[in-house]
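Step one of this worksheet: look at the structure below.
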Ligand code: PEP
Ligand code: CA
């Protein structure tokens, strides 16, 4: 098949340019684009600008490789292997993790079109992902209702205030609750004279302290008649690397802006405990900076009001080796999976398999700078993860991903 590829800049959700790759087969346009982050960990695959990406695509002759391979049609796993071998540097410094992911996702989409099977079914067949749940509907969606830190109100210590609806609800039931909660929450903001905007991931931004946000979330959820910890729970992304005050390995300190206070690891753990006693918080993502081993170590044995879901993101960077180490050190019992942190679908699924082998659960995650591409929803549908976070239900690039899940759940795809 003689295909023509087009590579051109499009906008991402932050009003910046990123690349889209597309082709037309049998009058059907197939395209791919990939996200990048704002609070980026140091262990992630590097993300190139548009200019650097085009340069890497030329240097590595990627369009020709793509063209040739689409005539031979190796599996997406074999195609990714070729991409991975082109640049053996640890963080894809030569080729760019966003460049490899763009080609990896694009190839998988074209392949799925040629094989006449939906992308999520193809991913299941190619990568045999472990099924974390028996069906897609059992995945708990974590709706990011309030955006703090670098994603919104920078006076907030927590970057993401997420609500998960518990009790094995279908995806549509969870999304319906999120619709009701959004309505109620906006009303509460108005009643409390909070003028608000929308943050990077569709969550609300307004003047408040971390405690005030948690109180409003609790009032919003309980106003819907939901019981804390049985019907709903709060999951926080601390993204603690963003708040490091001193980087002393024996005693990291962190700055809490709303309190205008510097705390050490013990002080931070005490605050987490105090909050978890007051509010139905079950999840802490990156509660300590990615290199604060002492913090992670101490948190393991710190007294707590209930079991926590402790998630690595900057800590683990979707890197199979680091996920294994962090799980074996018992720092985490859950891990964020972000395809662009590692750079190909093959390595993404490898990370998912490692998490499963280490008996920890996964959270499949979007990034703060997204496009309308919905390949992430297909990864969610391919492995029914325990959790998935796709932002709040507003902002087009987030709603598109929820809508694709709705379509998949209704078997429209
Ligand atoms: C996150 O920190 O989990 C996140 C999704 O944001 P970003 O893409 O900025 O890393
Ligand atoms: Ca995070």
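Residue numbers (the numbering used here): 1178 to 1590. Beta carbons are placed, not taken as given, at the ideal position from N, Cα and C, and that holds for glycine. Computed from a predicted model, the values in this text were never measured in an experiment.
When 1589, 1524, 1558 are compared, the shortest CA-CA separation from residue 1262 is found for 1524. For ligand 1, no non-hydrogen atom lies closer than 6 Å to the CB of residue 1554. Ligand 1 has no heavy atom closer than 6 Å to the beta-carbon of residue 1230. Look at the region 1240-1265 and you find these whole runs of alpha helix (DSSP H), each 4 residues long or longer: 1253-1263. Contact check for residue 1316 and residue 1563: beta-carbon distance about 7 Å, within the 8 Å limit, so the pair qualifies. In the structure shown, residue 1543 adopts coil according to DSSP, grouped into three states. Counting only unbroken stretches of 3 or more residues, the beta strand (DSSP E) elements lying wholly within the region 1331-1359 are 1337-1342, in sequence order. Annotation for residue 1516: the continuous alpha helix (DSSP H) segment containing it runs 1516-1519.
Residue 1497 is classed as buried because its beta carbon has at least 16 other beta carbons within 10 Å across all chains shown. When C-alpha distances from residue 1340 are compared across 1230, 1517, 1457, the shortest belongs to 1457.
Annotation for residue 1445: the continuous alpha helix (DSSP H) segment containing it runs 1442-1455. When DSSP assignments are scanned along the region 1459-1503, the uninterrupted stretches of alpha helix (DSSP H) that are 4 or more residues long and fall wholly within it turn out to be 1470-1478.
Contact between the region 1477-1484 and the region 1429-1438 is absent: fewer than three C-beta pairs spanning the two stretches fall below 8 Å. Shortest gap from the CB of residue 1215 to any heavy atom of ligand 1: under 6 Å. Going by DSSP, residue 1188 is part of the beta strand (DSSP E) stretching over 1183-1188. For residue 1414, the Cβ falls inside the 6 Å cut-off from some heavy atom of ligand 2.
For residue 1399, the enclosing alpha helix (DSSP H) has its first and last residue at 1387-1400.
The Cβ-Cβ distance between residue 1560 and residue 1306 falls below 7 Å.
In this structure, residue 1299 and residue 1586 do not form a Cβ contact; the two beta carbons are roughly 18 Å apart against a cut-off of 8 Å. The residues 1497, in chain order, have a CB closer than 7 Å to that of residue 1527 in the same chain once the five nearest residues on each side in sequence are set aside. For residue 1285, the secondary structure class from DSSP, reduced to helix, strand or coil, is helix. The residues 1417, 1472, 1473, in chain order, have a CB closer than 6 Å to that of residue 1465 in the same chain once the five nearest residues on each side in sequence are set aside. Rounded to the nearest angstrom, the Cβ distance from residue 1210 to residue 1196 is 7 Å, consistent with a contact under 8 Å. In the DSSP assignment, the residues bridged to residue 1197 are 1185. Per DSSP, the beta bridge partners of residue 1414 are 1337, 1462. Residue 1325 carries a strand assignment under DSSP once its states are collapsed to helix, strand and coil. Here the C-alpha atom of residue 1440 lies approximately 28 Å from the C-alpha atom of residue 1500.
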